[in-house]
Each structure stands twice: as structure tokens, then as C-alpha cells.
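The sequence shown: position 477 = 477 (the numbering used here), numbered continuously.
Where a beta carbon is used, it is the ideal one built from N, C-alpha and C, also for glycine.
Computed from a predicted model, the values in this text were never measured in an experiment.
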Amino acid sequence: MSETYAVPTRVTQGSRGPIPSAEAYRETWLRAAANPDRFWLQIARERVVWRTAPTIGLEGGYREVRERPFTWFADGTLNVTETCLDQHLATRGDKTAILWEGDRPGETRTLTYLQLHAEVNRLANTLVSLGVRPDDRVILYMGMVPELAVAMLACARVGAIHSIVFGGFSAEALRDRVLDSGARVVLTQDEGPRGTKRVPLKATVDAGIEGLDVERVLVYRRTGGEVPWVAGRDLWWHEQVSSASPEFTAVERGAEDPLFILYTSGSTGKPKGVVHTSGGYLTYASYTHQVVFDVREDDVYACVADIGWITGHTYIVYGPLANGATTFMFESVPTYPDAGRYWDMVERHGISVFYTAPTAIRAIAAHGDDLVKRYDRSSLRVLGTVGEPINPDAWRWYYEVVGEGRCTIVDTWWQTETGGILIAPLAPATPTKPGSATLPLPGILPALVNQEGELQVGPSSGYLVITHPWPGQARTVFGDHERYVSTYFSNYEGLYFTGDGARRDGDGYYWITGRVDDVLNISGHRLGTAELESALLTVDSVAEVAVVGYPHQVKGQGVYAYVVLQPGFEASALVEEALNGAVRSIIGPFARVDLFQFVPGLPKTRSGKVMRRILRKVAEGEAEALGDLSTLADPSVVEVIKCGAKV
Ligand code: WTA
Numbered sequence: 001m002s003e004t005y006a007v008p009t010r011v012t013q014g015s016r017g018p019i020p021s022a023e024a025y026r027e028t029w030l031r032a033a034a035n036p037d038r039f040w041l042q043i044a045r046e047r048v049v050w051r052t053a054p055t056i057g058l059e060g061g062y063r064e065v066r067e068r069p070f071t072w073f074a075d076g077t078l079n080v081t082e083t084c085l086d087q088h089l090a091t092r093g094d095k096t097a098i099l100w101e102g103d104r105p106g107e108t109r110t111l112t113y114l115q116l117h118a119e120v121n122r123l124a125n126t127l128v129s130l131g132v133r134p135d136d137r138v139i140l141y142m143g144m145v146p147e148l149a150v151a152m153l154a155c156a157r158v159g160a161i162h163s164i165v166f167g168g169f170s171a172e173a174l175r176d177r178v179l180d181s182g183a184r185v186v187l188t189q190d191e192g193p194r195g196t197k198r199v200p201l202k203a204t205v206d207a208g209i210e211g212l213d214v215e216r217v218l219v220y221r222r223t224g225g226e227v228p229w230v231a232g233r234d235l236w237w238h239e240q241v242s243s244a245s246p247e248f249t250a251v252e253r254g255a256e257d258p259l260f261i262l263y264t265s266g267s268t269g270k271p272k273g274v275v276h277t278s279g280g281y282l283t284y285a286s287y288t289h290q291v292v293f294d295v296r297e298d299d300v301y302a303c304v305a306d307i308g309w310i311t312g313h314t315y316i317v318y319g320p321l322a323n324g325a326t327t328f329m330f331e332s333v334p335t336y337p338d339a340g341r342y343w344d345m346v347e348r349h350g351i352s353v354f355y356t357a358p359t360a361i362r363a364i365a366a367h368g369d370d371l372v373k374r375y376d377r378s379s380l381r382v383l384g385t386v387g388e389p390i391n392p393d394a395w396r397w398y399y400e401v402v403g404e405g406r407c408t409i410v411d412t413w414w415q416t417e418t419g420g421i422l423i424a425p426l427a428p429a430t431p432t433k434p435g436s437a438t439l440p441l442p443g444i445l446p447a448l449v450n451q452e453g454e455l456q457v458g459p460s461s462g463y464l465v466i467t468h469p470w471p472g473q474a475r476t477v478f479g480d481h482e483r484y485v486s487t488y489f490s491n492y493e494g495l496y497f498t499g500d501g502a503r504r505d506g507d508g509y510y511w512i513t514g515r516v517d518d519v520l521n522i523s524g525h526r527l528g529t530a531e532l533e534s535a536l537l538t539v540d541s542v543a544e545v546a547v548v549g550y551p552h553q554v555k556g557q558g559v560y561a562y563v564v565l566q567p568g569f570e571a572s573a574l575v576e577e578a579l580n581g582a583v584r585s586i587i588g589p590f591a592r593v594d595l596f597q598f599v600p601g602l603p604k605t606r607s608g609k610v611m612r613r614i615l616r617k618v619a620e621g622e623a624e625a626l627g628d629l630s631t632l633a634d635p636s637v638v639e640v641i642k643c644g645a646k647v
């Protein structure tokens, strides 16, 4: 039994949130579970600015999901930006909405709610003048500048659907997403400064959309560096926006109209475009941001994720702005100019809620405690983590060293598909245990099932499923509803399959153990093994390849590739370089293989199926526990693989 940490008094004192105590949590969770429909409808009506308030909660459900997506608040209408911006103008107009720190320490910008509102309107007018209409898809391929948030909100304001592509993706990955979404307008910037480097965003857009039907590229000038230019297609952001009006009447949308698409890796094939709605997503972003972080009026709230991932969508932009918070945006990396950067910013900006990923915590911890202790962290109250399981050692370091035992840790479990946090401590209410994401949020009904889909009761382990829809859940995969159904709802009839394994202890606390499908979690970034394999297979010398994950001290998981070369080719550092070159150009610079093992063949069943279980075990350093090998076509291959193992 691991130790339990009571919530420090600094965190419970002065909480004004709706769930300030463990008793309040229990009462709320039970009430919500008894009637999720009524619970969420009430939350939606309270937290969102509607044009037409909804009278309906959930329609449909997991069992009918193949025939039609379930819906939330279907008769409601709204424009998301009226909750995120307009409602605050009278009461918080001069409050800082976005507090931005650039690559260079101390380079800052602020946008008040009034200023943000005006910027969003200017860009909304610009988008309309570029021909963007409701339901059009707009690709955003930018760095972490305030204009990215402006772009998201401007799309929402005109009723268009944004799809952000993380700036670490390659031209080819960008191209796939432009094609799949059918976007005709792309917003980008000249370059993105990151530490000592400049990411060539505009040049990558040019390469990515060559020959496609993209009509307009709007370019924000960040560095002033030289960029290629296509006359007639490309426009400078500042030139367009400066002449645009700061007034714009937001377009009325249905609650179920899509707000955005975000592509994410799955266990097979190409990334899928996860579709999130307007009313349900916003309700969920607003509620979870409030109850998990217990955000208060004078907080400086900082989520240092990249907006290219779901964490930035929900917990840098939509959640905090819906709640009228001051949200911090960070352009650079945690180790620039040194590994004390986060705490330097905490001191300078008085950050009170800080949210990052275990991989960053481990990477910074490796540089020693001095780089933390040299800065004043007394403003901190809540420390969040997301993206992968946090090992108890890293948890304790975060708690003891960064938070000096005064802050609570919220380990938040969720996914791109879930829209927001599902399992996590509520800052003022939930005692924590190092390594556990603790308890489900109100209105969330998780369960564990075994391989056969049988529900496990009490303390147990199994596959993590959710038994009932919630408003923030993705409704479909863009253009491929069948893929949505087969990925999430076909494993276990009537249940949402998360792809994660978990354990539940005697207190009902959940301990997420990681993916059970062929998705890797590298530094908190999701990568499909199938995507990596198809990139590696483009290299001529490669005959066969299989990719698995292995435990990595900093990244959580590393990428381990088994490669069979074509006859006549030999393993070498050069071949490895070529292989990683292919990964970089097809997926992007953030992806790479950490360990290569060149093998004469892959372990296969007699029917030719690669036995990945064996490859996983070897990469995890558990070659002695391979289990039943009797179905292998050629068991001798396994011996060779075991001998050459890189771990
Ligand atoms: C993993 C990120 C353990 C998990 C928001 C999930 C976690 C995948 C945690 C989703 C956590 C996320 N503890 N594992 N607190 N948070 N994960 O879509 O495997 O990028 O399925 O969403 O990250 O990754 P995604």
C-alpha cells in the first residue's frame, strides 16, 4: 500500500470552487452518477453563454453509436467565443487574458480580455474576407505565439473548424492533414524560435501544400527571417489584420457543430481526425479546468504544453478563457537557456498553478535541485501533470523539491479523444498518492474489464473503459465514422475503450499502467508503431521492420526498432541515420528511433503474423519471460533476437 498525502492547507484554504472538500466530491460524484444527463445539463446551462439554452442532455449512446453519434445539448445554440471572451468584457475587460513569454527569458507580451476580443474580431473579419465560411476547415501550423490562440478563437468566431498541426510535424505529415481535412486556408508564421534554433514553419508549409488546393496562406511575422513567398496565394497577417475592423458579430452555431479537428496517432494506418463539438466540449473544458485546478480570480495559471496537442487546446485556451483566467503561454523549451527556466518564470510572473508533463519533470530533475531552489516558488499552489504515467520518484521530486510540500499534485489522466480530464485529483478535495491519477471526475464512469469484456469489481486490474458518454467526448473521426466505431467501441460492446491498462486499489484509486494497444507514448507525445514502421519501410535497404516501446528514463517510453535488411545490405551507423532521416521527413523532427536492432528475421506465427509480444518483452529487458513460443514458425529467430538485444 503506498502512502497517501493529505491536501496541504495552503490548497484547501480559500477555495471558492464548487467542490472544495472530499465530502463535496463524494456527494457530487454520486449525484452525477445517479443521473449524468441532468448533472451535465445543469453544468452546461450554468457555465456556458448560450444563444438558445439547451433543454436536452444526452441523446443516443454507445450502443447505437454505429448508426449515429450520440449528442449533448442538441437543441442549444452558441458561439464558443462568447463564453471565452464577450462575457468577460464588462467584468474583466482589463484583466490579462493571455500572458506570453517568448523564447528569450523576459521577453513578454500581455493581451487583456478587451484586447484579445478586438484581435479575434480583426482576424475573424480577415478570415471572412479570405473566403472562410462556417464549417470550412482551417489548418493552423504555428508556434506558441498569442496569435495562435487568436487564430483558434477567430475560426470559432466565424464558425469555421480549426485543425492545429503541431509545429514539430514534417511537410509530409502536414500534407496528409491538409488533404484529409480538405482545408483551403492555412495560417502559419515565418519561423518559430526555440532555444537556439528557428523552426522554418512557412517553408515547411510551402513544401507540404505544393500541388494541393490551398488558396490562401496567411503568414504571421514572428522573427522577420527570410521566407519563400508565393504571390497571389500568400498574405502577411499584419497587413490584412491592420485594416480589419475590431467589430464582428459571432456566428451562431449548434451545440453539436464541430469546433475543431485534432489529428492523433492510432494503432493502425494514418492519423485520425478526432472531432470535438462546440457546446459539449466547451462545457467540459470549462468545468474540468475549474474543478481540477481550483482556479481563482487572481491566479496566474500556466500550462506549458504546446497548443499543437489537446492539452494546449483545452487547458491553455478554451478552459482558462471560459473561466476568465489569466492563462500563460510559453514559446520556448524547459531547458533554454538552462533547466531552471520554468522556475525562473514562476518567480517572475508569480505563477500559482503550473501544469506540465512527467517527461519534462524528469528531464529537469536530472539537472539537480539547485536550478529549482535558486528561484522563489512561493506563489505556487497547484502542480499538474499529464501525458503519461508519472513514476513515484518523479512525483515526489515535484512534490518535495518544486512544491516544498505546500502544493498539491494533480496527476491528470485523459486523452485527445476525451476532450478534457477524466481521472484526476480535484486540487482542494482529493488526497493524493504518488503515481496514481486517483478518482474519476463527477459525471465520469470508468470501469475495468478483462480480455473477455467482463467488468471487474473492487480492487483489480484490467483494460480501462468508460461506461457512459460525457459532453467532452469526441463524436466521430472526421470523414470516417466507421473508424471511430471500430477503434473505440468494437472491442467491448457498449463501452468506450481507452486503449490504456489500469489498476484500481482498495480506495477506488486508479493507477494507469500505459497503452495496451500499438500506440507509444514518447515524451508525452503519441506515436503509432504502424506510422513509424511505414516511415522506416520507405528506406530502400529495409525488408521488414517492427517497432515497439521500451522503458526510457526521461522520455517514459523510447522507440525500439527491429530491422531486417534486404540481402546485400549491412547494418551500420549510416543505415541508422538514413532510417531516422526517413522518420524525420515523414513524421517530423520530434519523432526518432532510439534503439535499432538489426535482425535476420522477425518472430512470426505459422500464418505469418509478427508476434509483437515477444519483441516487446525483449525490448523491455524481459527476454527470460517470453511465455509460450509453440506457435512460432521458426523459434530459432528468437534466440538470435535475445542475444542481440540492445537493453
Ligand atoms: C497517456 C494527452 C498515465 C495515456 C492528454 C493516454 C496518461 C494517452 C496520463 C493520451 C496520466 C495521459 N497518467 N497516462 N496522467 N495522461 N496518459 O491523446 O496512455 O496525447 O491514453 O492526450 O496518454 O495521449 P494524448
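How many whole angstroms separate the CB atoms of residue i and residue j, which I take to be in contact at a CB cut-off of 8 Å?
i      : j      : result
PRO271 : THR264 : 6 Å
VAL410 : THR311 : With 8 Å as the limit, VAL410 and THR311 do not qualify as a contact, their Cβ atoms being about 13 Å apart.
ALA690 : VAL291 : As displayed, the chain neither begins before 1 nor continues past 647, which places residue 690 out of reach and without an answer.
GLY435 : PRO392 : 4 Å
ARG68  : GLY60  : 6 Å
ALA502 : ALA535 : About 30 Å; that fails the 8 Å criterion.
GLY556 : GLU388 : 4 Å
TRP100 : THR108 : 6 Å
PHE489 : VAL65  : 5 Å
VAL666 : LEU130 : With the chain running from 1 to 647 in the structure shown, residue 666 is simply not present.
TYR336 : GLY195 : 4 Å
LEU218 : LEU235 : 5 Å
TRP343 : TYR301 : No, TRP343 and TYR301 are not in contact; Cβ-Cβ is about 16 Å, not under 8 Å.
TRP40  : GLY601 : Incorrect: roughly 53 Å between the Cβ atoms, too far for contact.
Taking buried to mean at least 16 other C-beta atoms within 10 Å of its own C-beta, is residue i buried or exposed?
i      : result
ASN450 : exposed
GLY211 : exposed
VAL7   : buried
LEU652 : What is shown of the chain runs 1 to 647, which leaves residue 652 out entirely.
HIS313 : buried
HIS88  : buried
HIS525 : buried
LYS433 : buried
ASP306 : buried
ARG16  : exposed
GLU417 : buried
ALA34  : exposed
VAL477 : buried
PRO134 : exposed
HIS238 : exposed
VAL372 : buried
ALA286 : It should be pointed out that residue 286 corresponds to Ser in this sequence rather than to Ala. Buried, since its Cβ has 16 or more Cβ neighbours within 10 Å.
Relative to the C-alpha of residue i, which residue among the options is closest?
i      : options                           : result
GLU400 : ARG381, PRO389, THR418 and GLU388 : ARG381
ALA160 : VAL132, GLY405, LYS646 and LEU174 : VAL132
SER2   : VAL300, ARG396 and PHE39          : ARG396
GLU252 : GLU82, GLU226 and GLU452          : GLU82
PRO105 : VAL128, ALA339, PRO134 and GLN240 : ALA339
GLU347 : SER242, ARG377, VAL333 and GLY453 : ARG377
ALA561 : SER607, ILE641, ASN491 and ASP628 : ILE641
THR356 : ALA394, ASP370 and GLY368         : ALA394
ALA250 : ARG122, LEU602 and PHE39          : ARG122
GLU215 : ALA285, ALA183 and ASN580         : ALA183
LEU658 : LEU565, PHE478, ASP628 and TYR510 : The question about residue 658 has no answer, for the chain in this structure spans 1 to 647.
PRO358 : THR327, TYR398, GLY93 and SER379  : TYR398
LEU645 : TYR281, GLU226, LEU615 and ASP37  : Looking at the sequence itself, residue 645 is Ala, so the reference to Leu does not match. Measuring from the Cα of ALA645, the nearest candidate turns out to be LEU615.
GLY350 : ASN323, SER379 and GLY368         : SER379
Discussion item. Would the stretch 41-59 count as touching the stretch 69-79 if we require 3 or more Cβ pairs under 8 Å?
Written reply: yes
Worksheet item: So, do the stretch 142-160 and the stretch 183-195 have three or more beta carbon pairs nearer to each other than 8 Å?
Response: yes
Practice prompt. Mind the definition here: the stretch 564-577 touches the stretch 541-548 only if three or more C-beta pairs lie below 8 Å; say whether that holds.
Written response: In this structure the stretch 564-577 touches the stretch 541-548; the number of beta carbon pairs closer than 8 Å is three or more.
Item to complete: Would you check if the stretch 100-119 and the stretch 161-169 touch, i.e. whether three or more CB-CB distances between them fall below 8 Å?
Response: no
Worksheet item: How about the stretch 524-535 and the stretch 586-595: do they share at least three Cβ pairs that are nearer than 8 Å?
Response: yes
Worksheet item: On the three-pair Cβ rule with 8 Å, is the stretch 492-506 touching the stretch 348-367?
Response: no
Fill in: Stretch-stretch touch, CB-based, cutoff 8 Å, three pairs: the stretch 167-185 with the stretch 237-255
no
Worksheet item: Is there contact here, the stretch 422-432 with the stretch 479-486, by at least three beta-carbon pairs under 8 Å?
Response: Contact fails: fewer than three Cβ-Cβ distances are below 8 Å.
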